[in-house]
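Single-structure report; data block below.
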Amino acid sequence: MKKLVLCLPLLALAGCAAVQPWERDVLARPDMSLDNAPLDAAIDDHIYFSKEASSGGRGFGGGGCGCN
Amino acid sequence: MKASCAATLTRDADHWTGRFVAMASPCEILIEEAPASLAQEILDAVSSEAWRIERKYSRYRGDSMVHRINERAGQETVVDDECANLLDFAATLTRLSEGAFDITSGVLRKAWTFDGGEQVPSQAQIDALLEQVGWHKVAWRRPALALRAGMQIDLGGIGKEYAVDCAADLVQSIAPGLSCLINFGGDVAVRNPRGDRKPWRVGIESCARSGTAQRVVQLSRGALATSGDSRRFVFRGGHRYSHILDARTGWPVRNAPHSITVAADTCTQAGTITTLAMLRGEDAERMLRSSGMQYWLQ
Amino acid sequence: MKDTDSFNATLAAATCALLGSSVATPVVAAEEAGRWSFDSTLLYYGESDDRVSDVSAAVSALRNFGDDRKLSATLTADTLTGASPSGAIALDRPQTFTSPSGRAAYTTSAGDVPLDDTFLDTRFALNASWTQPLARLYMFSAGFGFSTEYDYTHLGANLSLARDFNKRNTTVSAGVAYSQDDIDPVGGRPLPLSQMLDVGDNSNKRDGSESKDVLDLLLGFTQVLNRTTVLRVNYSYSDSSGYLNDPYKLLSVVDPVTGDTLTRTPGGLGPDGVYLFESRPDTRTKQSLYTEVKHSFGAPVMHFAYRYMTDDWGIDSHTGEVRLRWPLGDGYIEPQLRYYTQSAADFYHASLVAGTAVPRYASADFRLGDFDATTVGIKYGHDTSSGNEWSIRAEYYQQNGSVPREQIVGNQANREQYPDLSAVIVQFGYRFKL
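Chains as they are written, first to last, in the working numbering: chain A, 47 to 114; chain B, 3 to 300; chain C, 891 to 1324.
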């Protein structure tokens, strides 16, 4: 198994200015949430888990099934 | 410091958004479906009103009424009706809070710096400043106000909510029945519900997590005010001291909620309740519950 | 109560005096949006060539208590019918196989890729999780999952902790999940690499259930890049051990010259060729790196994600996905595109060649092979006047694979070695709040 080389992007953060709470109007919109369609994501994950050899990545999935 | 005097009007999906800066806060007014000229007229009126109130009551401005009163501490100053009303209101709040809320407590700022650190002033420093704190030491006989030498008043605690209500009144007189949401830095008022009967959606800030939506309140009519301490506090001995000072002791309130949002008929009422609740510290929730008002704590 | 009444009265009177009676005191109408939110969906998945089709329904409920505490639960039911390739190769003659139960036989026509015996399976799953702040910048989450189908049961739990930094512009999280699955194959578990026997002969099958344990570790990092962009990077490590085989999958044993399956004379009813049940290692370690970005261009929002996965079975995969949401009237339209590619497992064999040593592990399951897959889809959502949303999504999924040249023997070169998979997915959704 190849070793995975992790390049944490922490160093790039030095250039990121913190967004103030009152500037979070856009980020607070539901469609800007990273998890705004959890049911869609769970369904997609399940379909791809049963048809492909990779799974997950986004978070802890709904769990196993006999389909793979 | 001169506030930026620019107000911008933009068109969103089903409403207008007017933005400007006043009273050191981002201000906005959301106007439901209306002709562009009316939206501009409303924005101009609201921004002018906000700047008028800021000019008149800001502690910092050399040309403000409050500055004049403070400069003339030791002597009598005659104030106009509007200022007199605010002073009467402040006096009522002092009575309702049994002295914890007091517009003369601003001088305590000299002792406290709320930067999240551990710096606390000595009791001697606080006692010295408490000499100049206390509404009962003020000679207020409408329309004349006389502070003792060294005393100062600060209307920051009630000014913004008052400005919201004044702006809402103004909009009512220009366009009665039109639904507008006025938001001065988190103090919000809506006088009329929207024509399409959808509520305005207000996000409650400060504890928003990166990448997720905040708590949302659906406001059809009424006002919201929020009082919070998220970035200004002192940590000492395992207690978090918020930046809200109890005027009786000169010490900050202990273990108050991180932030309180209250819904009431007017912004002034909502703001008063959040402030008075914060001043109760640990008892804040009990007070809010018994007030019968809707509230959200963080 | 009296105190409160006089307090409220005093305050009301004072406010009236301050603002003047021009305020015809509107009675406040405010409520927190969505104490309970529900998301429901109905999905149809259908593969071409009479292969698998699935209808599934799911309901998810989320309850927001005050102060960032949340409870969520999802219930899913799905019914799967159809058949997928069993791993045996297609031939120019019909082929007969014993069904998994060992009690009947089925036949595949000449030229067709053999599919498993048709099955009908219903699965129920329940997932729940609880999230709450632990201290000012810490968020804790715990969850469990359970699912059951006729030959498979899953039970799992997970925990995670997240901490915010930098005015909540940065979040770092760590989580662990553990699950135990029980597999009870129909007809019993076949001994790996044993030959498929006649109907009624279960000498190579073992009764009882097998189990599989999975441990997952997840390290996550979310960063607000600017007012309109947010980034997430996750590293995950997954370790499975136990029974990892697919008990219904086979490999054909072929003649080294012709490449056709060796024939066999069945005793009564049974297979007319030599087929061996597959064998996979009993451990699998996977690592993956997943990154996603969401960016708003004013009203439209773009979502991009990429995942790289590698494991100790020799499989490497890349997944890239992009979605663009455009507001449209009272709703939105969201086209989406996904591209996936994986390399074959080390022990993937299209067929086993007679005369060569039987490898320790071998599987002809196309899901472990070398293939690319593309999904194109579009979703349309509409907000109703009561603040709820219904949506419809349609996708087309296509998988194209290939068998390595050195594994193609004799006549196999004239036939389709790797059956392409295409599927249509249609999904209806409805979200509402109470």
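Glycine residues also receive a C-beta, built at the ideal position from the N, C-alpha and C atoms.
Can a CB atom of chain C be found closer than 8 Å to the CB of B/R223? yes
Does chain A have any CB closer than 8 Å to the CB of C/E1168? no
In angstroms with no decimal places, state the Cα-to-Cα distance between C/L1258 and C/S1063. 31 Å
Use the C-beta contact count for C/Y1040: other C-beta atoms within 10 angstroms, 16 or more gives buried, fewer gives exposed. exposed
Per-residue contacts from A/D77 into chain C (C-beta, under 7 Å): V1191, R1215
Inter-residue CB distance, B/L221 and B/V190 (contact presumed, cutoff 8 Å): 7 Å
Leaving out five residues on either side along the sequence, give the residues of the same chain with a beta carbon under 6 Å from the beta carbon of C/V1212. F1194, L1227
Looking only at C-alpha atoms, which of C/G1267, C/W1216, C/V1003, C/R1013 sits nearest to A/D90? C/G1267
Could you have a look at B/W142 and say whether DSSP puts it in helix, strand or coil? strand
For the structure I just gave you, are there three or more beta carbon pairs, one from the stretch 104 to 112 of chain B and one from the stretch 127 to 141 of chain B, closer than 8 Å? yes
What does the alpha-carbon distance come out to for the pair C/R941 and C/T998? 13 Å
Excluding sequence positions up to five away, which residues of its chain have a Cβ less than 7 Å from the Cβ of C/G1277? K1323
So who's on the other strand from C/V1266, going by DSSP bridges? C/L1227, C/Y1286
Using 8 Å as the limit for Cβ to Cβ distance, is B/L226 near chain C? yes
Would you call the stretch 8 to 20 of chain B and the stretch 156 to 165 of chain B touching, i.e. three or more CB-CB distances under 8 Å? no
Return helix, strand or coil for B/E34, following the three-state DSSP convention. strand
I'd like to know whether the C-beta atoms of B/A272 and B/A279 end up nearer to each other than 8 Å. no
Where C/Y1127 and A/S101 are concerned, what is the direct C-alpha to C-alpha distance, given to the nearest angstrom? 11 Å
Measure the CB-CB distance between C/R1053 and C/Y1028 and report whether it falls below 8 Å. yes
Could one say the Cβ of B/F103 lies closer than 8 Å to chain C's Cβ atoms, at least one of them? no
Using DSSP with H/G/I as helix, E/B as strand and the rest coil, what is C/K1057? coil
If you pair each beta-carbon of the stretch 1299 to 1319 of chain C with each one of the stretch 896 to 903 of chain C, do three or more pairs fall below 8 Å? no
B/T79 to B/V68, Cα distance in whole Å? 10 Å
Measure from the alpha carbon of C/L1214 to the alpha carbon of each residue in C/D1201, C/S1178, C/H1185, then state which is nearest. C/H1185
Kindly say whether C/D1041, judged by its beta-carbon, lies nearer than 8 Å to any beta-carbon of chain A. yes
Report the rounded CA-to-CA distance for C/V918 versus B/Q296, giving the unit in angstroms. 10 Å
Mind checking if C/E922 is an interface residue toward chain B, Cβ cutoff 8 Å exclusive? yes
Between the C-alpha atoms of B/S27 and C/S1069, what's the straight-line distance to the nearest angstrom? 51 Å
Could you spell out where the alpha helix (DSSP H) holding C/T1118 opens and where it closes? Taken as a continuous stretch (DSSP letters only), C/T1118 belongs to no alpha helix (DSSP H), as it is neither H nor E.
Which runs of the beta strand (DSSP E), 3 residues or longer, sit entirely within the stretch 63 to 116 of chain B? 78 to 80
At least one CB of chain C closer than 8 Å to the CB of A/A87: is that the case? no
Selected residue, minimal CA-CA separation from C/L1140, among C/L1087, C/L1159, C/Q1289: C/L1087
Is DSSP giving A/G105 helix, strand or coil here? coil
In angstroms with no decimal places, state the Cα-to-Cα distance between B/G76 and B/L32. 44 Å
Say whether chain A places a C-beta atom closer than 8 Å to the C-beta of C/T1012. no
For B/N185, I'd like the list of residues in its chain whose CB is within less than 6 Å of its CB, leaving aside the five on either flank, ordered along the chain. E30
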